[in-house]
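Note sheet for the following structure.
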Amino acid sequence: MPELAEVECMLRRWKPDTRAAIVGVDLHPRARVFRSCETTALRRGLEGARLLESLRSGKQMMFRFDRGWLALHLGMTGELRVESADWAEGRHDHLVLRRAESALVFHDPRMFGAVEFTPGAEPPTWWAERPPEILDPRFTRRAMEIFLRRRARAPIKAVLLMQERFPGIGNWMADEILWRAGIHPARAAGSIDADESARLYRSLRFVCRGALRTIVEEKDGSWGDPPDGWLFHVRWRAGGVCPATGAPLETATIGGRTTCWSPTRQPFRRS
DNA sequence: TCCTATGTTGTATG
DNA sequence: ACATACAACATAGG
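Counting in this note's numbering, the first sequence runs from 328 upward without gaps.
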């Protein structure tokens, strides 16, 4: 499920609260989501702790407590919820942080998600070294182009999914961006010319901004759909047509992922 | 039964 | 050492 905007939406459910301390931590240490987590340190660090700050970098979430840093990744099916204080954990509720008035729940059926805990005042180094967000001024067209040149032989679709340069982009957003930029997903990243690169950069920022705006409008803790006219609304539909040209869409596996594009708007060509 | 799934990582190969 | 491709992870739903 979760790409940039959905992760942001989940993040906002776990709001900082400097008054409410964690009074209980429920978890099953053998669950796969704890594969990189020292669960005894997590218990020790979070019992009695307060959530000071909820942060996000791409799809990665980071919760700063007064006694340590809790990193969560939602994988393919992860969700964050806030439930009542007496919440009885269900089958896929892997981590429950209980407070006096409510419980913070991390739920993930497929367990591709991950939990990590770093005790103390300093965050882990990977967090300190996180790449710039796509909407950050430090995400420059030049930095994007240098990255594309380094990944010259890989399909552009696969390159857009690389979190080290395009944090938050997932399968549907990558297709949306390439459709908007008029670039065929199988094009080699190194063959993108200056005009295409300018369109790609603009589309990246447009789609990120648009996706985030839809979630900001939501009040009830769930996210809305992207705006009308986006590829998103038709990309999984059998017989879907391009919102811009009306021509039939195409689907294939590119970069290891199911990919949808409009052959009329995104013709394949070298250059 | 078989196929799919909005993600990442380890491993093999070039 | 670096870039690329792909199986594997675990579960639910069509």
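Cβ atoms here follow ideal geometry from the backbone N, Cα and C, with glycine treated the same way.
Here the structure is a predicted model, which is why all the values come from computation and not from measurement.
(message) Between the alpha carbons of Pro-554 and Arg-371, how many angstroms are there, rounded?
(response) By one-based count along the first sequence, residue 554 stands at place 227. By one-based count along the first sequence, residue 371 stands at place 44. Pro-554 and Arg-371 have their C-alpha atoms spaced approximately 45 Å apart.
(message) Less than 7 Å between the beta carbons of Leu-422 and Phe-439, yes or no?
(response) Reading the first sequence from its first residue, position 95 is the one you call residue 422. Reading the first sequence from its first residue, position 112 is the one you call residue 439. Going by C-beta atoms, Leu-422 is not nearer than 7 Å to Phe-439.
(message) Within the continuous alpha helix (DSSP H) that includes Arg-370, where are the two ends?
(response) Working through the first sequence from its first residue, we reach residue 370 at position 43. Segment 366-373, the alpha helix (DSSP H) holding Arg-370.
(request) Tell me whether Val-561 sits in a helix, a strand or coil according to DSSP, three-state version. (result) Along the first sequence, read from residue 1 onward, the residue named residue 561 stands at position 234. DSSP places Val-561 in the coil class of the three-state scheme, outside both helix and strand.
(message) For Ala-332 and Trp-550, what's the separation of their Cα atoms in angstroms?
(response) The residue given as residue 332 occupies position 5 in the first sequence. The residue given as residue 550 occupies position 223 in the first sequence. Using only the alpha carbons, I get a separation of about 8 Å.
(request) Closer than 7 Å by C-beta to Arg-532: which residues in its own chain qualify, once you throw out the five before and the five after it? Chain order, please. (result) Residue numbering aside, residue 532 sits at position 205 when the first sequence is read from its first letter. Here the set comprises Ile-461 and Leu-462.
(request) Classify Glu-456 as buried or exposed, calling it buried when 16 or more other Cβ atoms lie within 10 Å of its own Cβ. (result) Within the first sequence, the letter at position 129 stands for residue 456. Under this definition Glu-456 is an exposed residue.
(request) Closer than 8 Å by C-beta to Leu-373: which residues in its own chain qualify, once you throw out the five before and the five after it? Chain order, please. (result) On the first sequence, residue 373 is found 46 positions in, with the first residue counted as 1. Around Leu-373: Ile-349, Val-352, Phe-392, Arg-394, Gly-395, Leu-397, Leu-424 and Phe-444.
(message) Assuming contact is defined by CB atoms lying nearer than 7 Å, are Ala-412 and Ser-384 in contact in what I supplied?
(response) The residue you call residue 412 lines up with position 85 of the first sequence. The residue you call residue 384 lines up with position 57 of the first sequence. Going by C-beta atoms, Ala-412 is not nearer than 7 Å to Ser-384.
(request) Taking 7 Å as the cut-off, decide whether the C-beta atoms of Arg-526 and Ala-513 are in contact. (result) The count along the first sequence starts at 1 and reaches residue 526 at position 199. The count along the first sequence starts at 1 and reaches residue 513 at position 186. Taking 7 Å as the cut-off, the Cβ atoms of Arg-526 and Ala-513 do not count as close.
(request) Pull up the DSSP beta-bridge partners for Phe-392, would you. (result) The residue labelled residue 392 in the question sits at position 65 within the first sequence. Answer by DSSP bridge pairing, in chain order: Leu-378 and Gly-395.
(message) Helix, strand or coil for Gly-583? Go by DSSP, reduced to three states.
(response) Numbered from its first residue, the first sequence carries residue 583 at position 256. Assigned with DSSP and collapsed to three states, Gly-583 falls in coil, not helix or strand.
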